[in-house]
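Below you'll find the structure, written out as C-alpha cells, and then a few comments.
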Amino acid sequence: MVEISNTAISRSTLSTSTTTSTARKPVWLIAIYALFILVCLNAVRTYENQKKIVQSKIAESEHNDSLEIHDSAGAEQHVVSANYGSSMYGGSIHTSRTKSKSKSKTTDAALLAKLENSILPKPSDGSMDYITKAGNNSSDFNGFSFYVITDTPYTDWQEKRLRSQMADLRDYSKDNPQRNISLGLHLGDTQKVSNSLCAESAYERVSYIITKGPRPTFVVPGNNDWYNCPRREEAFGYFMNNFGPNFVSKWHSEHYVNLDIQRSEDNPELFNFYVEGILFIGVHMIDAPLNTESKTSRDKRMKSSMEWLAESVETNFAKRVIRGVFIMGHAGRSERNRPFFKNMAKYFTNIATREVPVMYLHGDGLTYVVDRTFPDDVNWDYFYDVQIEQSGFADPVIFDVAAQRKGTVQGFQKDKGDGIITTFGKGLFRLDQRQGRYENPMDIV
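Each residue of the sequence shown is one higher than the one before, counting from 1 in full-length UniProt numbering.
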C-alpha cells in the first residue's frame, strides 16, 4: 500500500509539474504576440498619418490653383527653384515673396508672349525644307502597329487590370503576327500620388508589370510621376530609374535594337526613335499650376522640349524619309502649354514639305477626344491632337501604320463614323479602340 501511495504521489507530483510548465508557455507567447501586434498597429498608424499629410498637400495645391493670388506684402508661397537640367525639373522647394496680382498677370503674359515668339531653329543650311535627302519618297515601308496606355494604374484593382491587359496584348501579338505590333507607349501618370505616396516600390511594381507586355514600351512623365509628389527630386529620380534609358533594354534586343533610340544628354526623359518611315518624339509636357512652380522653371522645361522637338525633326528629316510624326506627352494643349504648341505649328507649317501628318498623343483626360483646332493665325491641316482614354477604365488602343510600296501608301479605308475605328493622314494611320479583336486579323494588315 505504501509503495502504491508513493507511486501515486510521484505521479501526482509529475503531473502537477508538467501542468505548471505547460501553463507557463502561453504567457511568453502572448507577450510576443502582443508586441508584434503593437508594432503592426504603429506601422499602420504611421502610414495613415503620412497618407493624410500627402492628401492634405495635394488638396491644398488643388485649392490654391483655383484661387487668384491676392495682394499681400508679407505673404509667402511655395515655388520651385530654377535648376532645370539637374537631376529633375524644378528642383527643391523654397519660399519667395508673392507679387501683386496685376504684376503677376503681366509677367505671365510676357512669359507666354516671349515663348510664342521664339520660333524654333531653322535648318542649318538656312533653307526652309528639312527634306534634303535626294530622292525620295519612292521607298518601300512595311506596315506596323503599336499600343498606347495612359493614366494607369491609380488603384489596386487597376494594377490588376494592367497585368491582365499586358497578358492579353502578349497573347494577341503572338496569335496575330500579321499585325506586326512593334512597340508600346505609356503617356504618363503611372500612379496616383494620394494612393502610392510616391514610394519607390510603386515605380518598381508598375515598371515590372509593363515589361510583361509583348514589346518595348516608352514612358513619358506625367504630373503624378513626380510633380505632385511631396519630394519631387526624389520622385523624379525614381521615375528615371524605372522608366528611363535602362527601361527599354529590359526587353530582348531583337525587339528594340532597330529603333535607333536617341535621348537628350541633359534631359534623358526626352527621346526619339524611328520605325518604317515614322518619327516618334517624346516630350515632357505636364499641366502644372503657375502658382506652384516658378516661371523660370516652367520656361526652361518648355524650352527644352521645344529645342528637342526641333533637333529631332532637323536631324531625322535631313537623313531619312519621314512619312509621319507622332509626338508624345502627358498633358493636353492647355493655356499653360500654349507656347509649345504654337511654336510646333509654326515650325511644321514653315517647312516646304508640309503634307506630313503630325499627331500629338496625350493622356490627362477622361475620354477619347480628337481635336484639330488652332488659332485663326495658324493654318495647319495635317495636325491631330488625340487624347487617349484612361487605361484603368478602357482597353489599350492600337494604332496601325499603313505600308508603302514604290512611293504609294497602302492607305486604310476611311472610318465608318462609329467612333471605334478612325483613320488619319489620308489613311496613313488608323486608331482602333477595340484592341484589334477582329474576326479575321488579315482584314487589318
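Backbone N, C-alpha and C define an ideal beta-carbon position, used for all residues, glycine too. Quick caveat: nothing in here was measured; it's all calculated off a predicted structure.
Query, Result
"Could you pull the start and end residues of the beta strand (DSSP E) that Tyr147 belongs to?", "144 to 149"
"Which value, in whole angstroms, describes the spacing of the CA atoms of Thr315 and Asn272?", "11 Å"
"Can you list, in chain order, the residues of its chain whose CB lies under 7 Å from that of Phe144, leaving out five sequence neighbours each side?", "Asn180, Ser182, Val275, Glu276, Val401"
"For Gly222 versus Asp189, is the C-beta distance shorter than 7 Å?", "yes"
"When the Cα atoms are used, what is the spatial distance from Met359 to Phe280?", "10 Å"
"Take the Cβ of Met240 as the centre, count every other Cβ of all protein chains shown within 10 Å, and call the residue buried at 16 or more, exposed below.", "buried"
"Under 8 Å by Cβ, that's how I've got Gly411 and Gly392 pegged, so tell me the actual separation to the nearest angstrom.", "That pair is no contact at about 33 Å."
"According to DSSP, simplified to helix, strand and coil, what is Val321?", "coil"
"Could you check the C-alpha separation between Glu265 and Thr408 for me, to the nearest Å?", "37 Å"
"Should Ile420 be labelled buried (16 or more other beta-carbon atoms within 10 Å of its own) or exposed?", "exposed"
"Express the C-alpha separation of Arg323 and Arg333 in angstroms, rounding to a whole number.", "24 Å"
"Would you report the Cα separation of Lys406 and Gln178, rounded to the nearest angstrom?", "21 Å"
"Counting pairs of Cβ atoms below 8 Å between the stretch 230 to 239 and the stretch 187 to 201, do you hit three or more?", "yes"
"How many Å lie between Phe236 and Trp226 at the Cα?", "5 Å"
"Quick check on the burial criterion: 16 or more other C-beta atoms within 10 angstroms. Buried or exposed for Gly425?", "buried"
"Would you tell me roughly how many angstroms separate the C-alpha atoms of Val370 and Met166, rounded to the nearest one?", "25 Å"
"Flag this pair as touching only if the stretch 145 to 157 and the stretch 297 to 310 have three or more C-beta atom pairs under 8 Å; answer yes or no.", "no"
"DSSP state of Thr190, grouped into three classes?", "coil"
"Between Glu335 and Tyr368, is the Cβ-Cβ spacing less than 7 Å?", "no"
"With H, G and I counted as helix, E and B as strand and the rest as coil, what does DSSP make of Met285?", "coil"
"Thinking C-alpha only, which one of Arg430, Lys192, Trp251, Lys414 is nearest Tyr208?", "Trp251"
"Could you tell me the boundaries of the alpha helix (DSSP H) in which Arg205 lies?", "200 to 210"
"Please report how far the alpha carbon of Gly184 lies from the alpha carbon of Asn142, in whole angstroms.", "18 Å"
"For a test of the three-state rule: what should DSSP assign to Thr423, helix, strand or coil?", "strand"
"Apply the 10 Å Cβ neighbour rule to Glu159 and answer buried if 16 or more other Cβ atoms are within range, or exposed otherwise.", "buried"
"Check the DSSP bridge columns for Tyr384 and list the partner residues they point to.", "Met359"
"Could you tell me the alpha carbon to alpha carbon distance between Asp65 and Ala331, rounded to whole angstroms?", "At Asp65 the pLDDT is 40, less than 50, meaning the model places this residue with poor confidence and gives no usable figure here."
"Under the rule that 16 or more other beta-carbon atoms within 10 Å means buried, what is Ile32, buried or exposed?", "exposed"
"Could you compute how far the alpha carbon of Thr211 sits from the alpha carbon of Val248?", "9 Å"
"Between which residues of its own chain and Ser304 is the CB-CB distance below 6 Å, once the five residues before and five after are set aside?", "Asn267"
"Just the Cα atoms here: how many angstroms apart are Ile30 and Leu169?", "50 Å"
"Tell whether a beta-carbon distance below 7 Å holds between Gly244 and Met285.", "no"
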